[in-house]
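In my numbering, the protein residues as written are 563 to 889.
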């Protein structure tokens, strides 16, 4: 079965079938006839021939830090919805938060192995920036802001400040459990939001009550233990992620400290685990799936119109008040 035979069956020109296969404009009537002919015959166009003819692979490389992360999975769901609808396939590159793996995949994708790259980023080293600059295909960055690139990112600073402001209505000895400042979103921006809230309430920001750890439950557990040893009178804790907050809550329970009566616990991310622990976790909801959709739409626009205009989109957020707080 050839494209000419499909055209004859549908009663249209070969060029019209070609436009249909390449997602170009076809009238609704002709689109329906071609679709029926293809479904009837089971015709599959040659991907190799299409690539040679159009110089397009219809592939998008998605570089992500951890495939089993709830946050990342929501982003990928949004990305997948858009790209599938637009006729693209995803190549998922899971780096397990390994910088060398990120660099390896950037190097692989940058020279037209794919039509575009969606980079769910955490840290930008000089080597990252060098490879991004060398990319010959459109790139959209998701989850972080990087000047000179199209980006979709969360309002981490204001989210952290707003929920900390609320926490401090019933707390005067706050502590912070976060991640490295090299991660400008979950690390640096959320820490700065926390500090801005303390400054606004004229509460001293005590460095010994601020710890950096990993994106894990275990890190939250160990961090909470250290903080309480340093200051037993802590009465509220901001955590940069829900996983960290879950671990911190587990330690407080083991220590016989009541949440929220003695210590309020605040997370960030609104992940399922935070909803099902007891007490349920007060947290920040970010619209991760929507941000994935927006990033994919931004990339498709760049790939299909050829314009190199960079765009930025900062997403909103919502405070989810559950049982671990007293505001």
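Where a beta carbon is used, it is the ideal one built from N, C-alpha and C, also for glycine.
- Residue 776 sits in coil when the DSSP states are folded into three classes, being neither helix nor strand.
- Here DSSP, grouped into helix, strand and coil, assigns residue 816 to helix.
- The Cβ-Cβ distance between residue 682 and residue 704 falls below 8 Å.
- Residue 656 is bridged by DSSP to 626.
- In this structure residue 860 is in contact with residue 714, their Cβ atoms being roughly 7 Å apart against a cut-off of 8 Å.
- Checking the DSSP bridge columns, you'll see residue 715 partnered with 876.
- Between residue 753 and residue 797, the beta carbon gap of about 20 Å keeps them out of contact (Cβ cut-off 8 Å).
- Residue pairing by DSSP places residue 671 in no beta bridge whatsoever.
- When DSSP reads this structure, residue 827 sits in a beta bridge with 799.
- In the DSSP assignment, residue 836 falls within the alpha helix (DSSP H) that extends over 834 to 838.
- Within the model, the alpha-carbon separation for residue 700 versus residue 873 is close to 12 Å.
- Between residue 771 and residue 738, the gap from beta carbon to beta carbon is short of 8 Å.
- Counting of Cβ neighbours within 10 angstroms places residue 672 among the buried residues, the total reaching 16 or more.
- Sequence-distant Cβ neighbours of residue 592 in its own chain, meaning closer than 8 Å and more than five residues away, are 572, 574, 578, 582.
- Counting other Cβ atoms within 10 Å of its Cβ, residue 867 stays below 16 and is therefore classed as exposed.
- Going by C-alpha positions, residue 564 is about 15 Å away from residue 584.
- CA-CA distance, residue 837 to residue 889, rounds to 18 Å.
- For residue 689, the closest of 668, 675, 736 by C-alpha to C-alpha distance is 668.
- Secondary structure note for residue 694: its alpha helix (DSSP H) is the uninterrupted segment 688 to 696.
- Residue environment for residue 712: buried (at least 16 other C-beta atoms within 10 angstroms of its C-beta).
- When the beta-carbon positions are compared, residue 800 and residue 756 come within less than 8 Å of each other.
- Ranked by how close their Cα comes to the Cα of residue 762, the residues 774, 793, 729, 745 have 729 in first place.
- Residue 737: member of the beta strand (DSSP E) spanning 736 to 741, first to last residue.
- Straight-line measurement puts the Cα of residue 846 at about 22 Å from the Cα of residue 641.
- Taking all protein chains in view, the Cβ of residue 804 is crowded by 16 or more other Cβ atoms within 10 Å, so the residue is classified as buried.
- DSSP places residue 764 in the coil class of the three-state scheme, outside both helix and strand.
- According to the DSSP secondary-structure assignment, residue 703 is paired through a beta bridge with 681, 713.
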